Amino acid sequence: MSNQDLWRLSATELSTLTTAGDITPTAAVQNAIARLDAVNPALNAVVEDLRDEALARAEALDGTPAHLRGPLHGVPVTIKINVDQTGHATSNGIPALKDLIAPDDAPVVQNLERAGAVVIGRTNTPEFSFRADTDNPLYGRTHNPWGRHISPGGSSGGGGAAVMAGIGPLAHGNDIGGSLRFPAAANGAVTVKPGLGRVPAWNPSQTAERGLLAQLMSVQGLMTRSARDLHLAMPAMIAPDVRDPFHAPVPWQGPSVSGPTKVAFTRNPHGYDLHPEVEAALLSARDALTDAGYIVEEIEPPNVFEAGRTGYRALMGEIHALMKPDLDAVGSDVIRTMFDTYFQEFPPYQGDELLKMYAKRSHYARQWALFMADYPLVLTPFLPQPFFAPDRDREGVEGAHDVLGCAVYSYAMNYMGLPAACVPSRLAQLPKGPQPINVQIVAQRWREDMAVDAAIAIEDRLGQMAAPLWDHMAAQV
14 MSNQDLWRLS
24 ATELSTLTTA
34 GDITPTAAVQ
44 NAIARLDAVN
54 PALNAVVEDL
64 RDEALARAEA
74 LDGTPAHLRG
84 PLHGVPVTIK
94 INVDQTGHAT
104 SNGIPALKDL
114 IAPDDAPVVQ
124 NLERAGAVVI
134 GRTNTPEFSF
144 RADTDNPLYG
154 RTHNPWGRHI
164 SPGGSSGGGG
174 AAVMAGIGPL
184 AHGNDIGGSL
194 RFPAAANGAV
204 TVKPGLGRVP
214 AWNPSQTAER
224 GLLAQLMSVQ
234 GLMTRSARDL
244 HLAMPAMIAP
254 DVRDPFHAPV
264 PWQGPSVSGP
274 TKVAFTRNPH
284 GYDLHPEVEA
294 ALLSARDALT
304 DAGYIVEEIE
314 PPNVFEAGRT
324 GYRALMGEIH
334 ALMKPDLDAV
344 GSDVIRTMFD
354 TYFQEFPPYQ
364 GDELLKMYAK
374 RSHYARQWAL
384 FMADYPLVLT
394 PFLPQPFFAP
404 DRDREGVEGA
414 HDVLGCAVYS
424 YAMNYMGLPA
434 ACVPSRLAQL
444 PKGPQPINVQ
454 IVAQRWREDM
464 AVDAAIAIED
474 RLGQMAAPLW
484 DHMAAQV
């Protein structure tokens with residue numbers, strides 16, 4: 014393969030070449046930047062270009078002795094603009110924060126760089142990182158590489174669009190209710206939302222601690238084109254950092270499971286219409302896991318609708334109490350109107366009722382823990398319909414209901430702190446154009462590795478979305 018095609022490689026393939034010395038980090042980074050120049054103007058996924066820093070770092074890494082090269086030696090990565098990176102603004106898509114310069118790196122940035130990764134750019138997010146779509150008054154809209162008929166997802170939409178378009182094989186993102194899995198599903202990427210306490214997190218620029226439920230539900234992670242890249246990169250992400258006092262230093266790889274792994278399978282849309290393409294994606298994923306030796310049983314897990322709605326209403330209660338003054342002070346008319354809509358779709362718990370729902374979180378988590386003692390993995394829909402169009406979430410209560418109301422399989426896992434992978438299992442040919450359909454794989458607490466193994470099994474049998482996407486992008490030029 015020529016250096017001009019290095020952007021096509023997965024992180025695993027690329028790091029094999031860089032750590033062996035077959036190519037230099039500089040060559041890998043130069044090629045990723047060339048791809049950024051070729052596709053980002055049409056996507057607006059990377060909104061801060063860090064090529065000068067990246068090339069300087071890559072050149073320094075070129076001389077690293079073989080025995081000191083990390084697992085991500087010279088691998089290009091992007092960072093979402095709501096996480097601190099020394100000398101750069103943690104704007105969170107908010108014009109009033111465009112000059113909030115980070116004094117130090119967040120743990121995820123430090124951990125990726127310690128493993129040898131090179132940050133080539135910072136990716137877009139909606140205001141306050143709180144939409145399932147990506148647009149803001151500071152940097153504008155991010156577009157999906159599959160076409161403008163599909164939202165790029167949010168809130169890590171810039172990272173999802175970037176990684177699938179070939180701007181680096183790894184994209185950082187975070188997830189409080191689906192912000193890794195929404196863009197993965199929108200763009201056909203693979204991700205695993207880590208469980209509670211898995212990846213250390215903190216922003217040195219912050220002046221106050223986040224609300225308790227925000228701390229319990231929000232996690233840091235990566236989006237990739239290849240499920241195997243999660244096994245390569247996530248162990249670096251979870252390295253301990255004392256600035257997160259509640260980080261749990263549990264090894265990435267858990268103990269082996271004796272015998273075939275049992276998977277609970279559900280296609281219950283909980284009152285929403287299950288689109289035929291989504292059902293086909295679920296059945297394909299089920300058959301792929303069966304073919305790989307998993308024992309898949311169609312059985313209903315504990316009430317995910319109740320857990321999800323309770324969790325998101327509790328989160329809205331916390332946001333109403335702690336974040337609404339900031340929304341009113343520095344948010345745009347768009348985001349303020351959207352939160353008014355969210356508060357209608359998810360009536361916030363308040364006062365004593367909110368405290369009771371904080372406590373009830375343990376009830377739901379215990380129900381799932383007991384169920385997953387028998388079924389270590391659960392295969393679920395991610396969304397009941399193919400991914401929505403840009404700005405669908407701005408179309409009143411009906412739009413919010415269509416985008417977030419139906420996403421109980423997403424935010425229920427944040428509320429309970431369970432890991433959940435999201436992987437494409439079908440490319441749907443819809444009237445407006447092709448788009449990927451992702452499914453979700455929930456795993457026992459601390460067993461992200463098992464969710465990733467299952468995603469690999471699905472990907473090995475059904476293929477990745479990168480090649481058909483790149484063919485599609487080339488045909489549109």
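The numbering of the sequence shown is this note's numbering, which starts it at 14 and goes up by one. A virtual CB, placed ideally from N, CA and C, is assigned to each residue, including glycine. Note that the coordinates shown come from a computational prediction; the quantities given were computed from them, not determined experimentally.
- Take LYS373, set aside five residues on each side of it, and the residues of its chain with a beta-carbon closer than 8 Å to its own are THR323, in chain order.
- Assigned with DSSP and collapsed to three states, PHE278 falls in strand.
- Our two residues, LEU49 and ILE180, have alpha carbons roughly 5 Å apart in a direct line.
- A check of alpha carbon separations from HIS288 across LEU396, ALA130, PRO447 identifies LEU396 as the nearest.
- The three-state secondary structure of ILE133, taken from DSSP, is strand.
- As the crow flies, the alpha-carbon of HIS244 is around 33 Å from that of GLY153.
- Here LEU209 carries a coil assignment [DSSP, helix/strand/coil].
- Assigned with DSSP and collapsed to three states, GLU140 falls in helix.
- Our two residues, HIS101 and LEU113, have alpha carbons roughly 8 Å apart in a direct line.
- The stretch 187-255 contains, as complete beta strand (DSSP E) runs of 3+ residues, the segments 203-206, 232-237 (chain order).
- Runs of the beta strand (DSSP E) spanning 3 or more residues and lying entirely within the stretch 67-125 occur at 89-93, in chain order.
- Setting aside the 5 residues that flank it on each side, THR39 is surrounded in the same chain by ALA71, GLU72, ASP75, each with a C-beta closer than 6 Å to its C-beta; the list follows chain order.
- By the CB criterion at 9 Å, LEU193 and GLY201 fall outside the cutoff.
- Looking from the CA of ARG64, the closest CA among GLY134, ALA58, VAL263 belongs to GLY134.
- For LEU392, the enclosing beta strand (DSSP E) stretches over residues 390-394.
- With three or more CB-CB distances shorter than 8 Å, the stretch 313-323 counts as touching the stretch 425-432.
- Counted as a single uninterrupted DSSP element, the beta strand (DSSP E) harbouring ILE450 occupies residues 446-456.
- CA-CA distance, ALA214 to VAL455, rounds to 22 Å.
- Secondary structure at ASP62: strand, using DSSP grouped into helix, strand and coil.
- Looking at the DSSP output, VAL436 shares a beta bridge with VAL452.
- Within the same chain, Cβ atoms closer than 7 Å to the Cβ of LEU229 are found at LEU209, GLY430, the five residues on either side in sequence being excluded.
- Around the Cβ of PRO338, a 10 Å sphere holds fewer than 16 other Cβ atoms; the residue is exposed.
- For the 9 Å CB-CB criterion, VAL176 and VAL131 do not form a contact.
- In the assembly as shown, LYS93 is a buried residue. Its beta-carbon has 16 or more other beta-carbons within 10 Å.
- Contact between GLN448 and PHE400 holds, with the beta-carbon distance rounding to 6 Å and staying under 8 Å.
- Using a Cβ distance threshold of 9 Å, VAL391 and PHE278 count as a contacting pair.
- In this structure, PRO165 and SER345 do not form a Cβ contact; the two beta carbons are roughly 19 Å apart against a cut-off of 8 Å.
- Using a 10 angstroms sphere on the CB of THR220, the tally of other CB atoms stays under 16, which defines it as exposed.
- If only complete runs of 4 or more residues are kept, the stretch 293-351 shows the alpha helix (DSSP H) at 317-335, 337-343, in order along the chain.
- Annotated as proximal: GLY173 and ALA197, with beta-carbon spacing under 9 Å.
- Residue nearest to ALA178 within the set SER23, THR303, ILE469, GLN363 is SER23 (criterion: CA-CA distance).
- Between ASP286 and GLN363, the alpha-carbon positions lie close to 31 Å from each other.
- In this structure, GLY224 is the residue among PRO273, GLY306, GLY224 with its C-alpha nearest to the C-alpha of LEU367.
- In the structure shown, the three-state DSSP call for GLN43 is helix.
- About 5 Å separates the Cβ atoms of MET236 and THR204, confirming a contact at the 8 Å cut-off.
- Membership of TYR424 in the alpha helix (DSSP H) is indicated by the continuous run 421-429.
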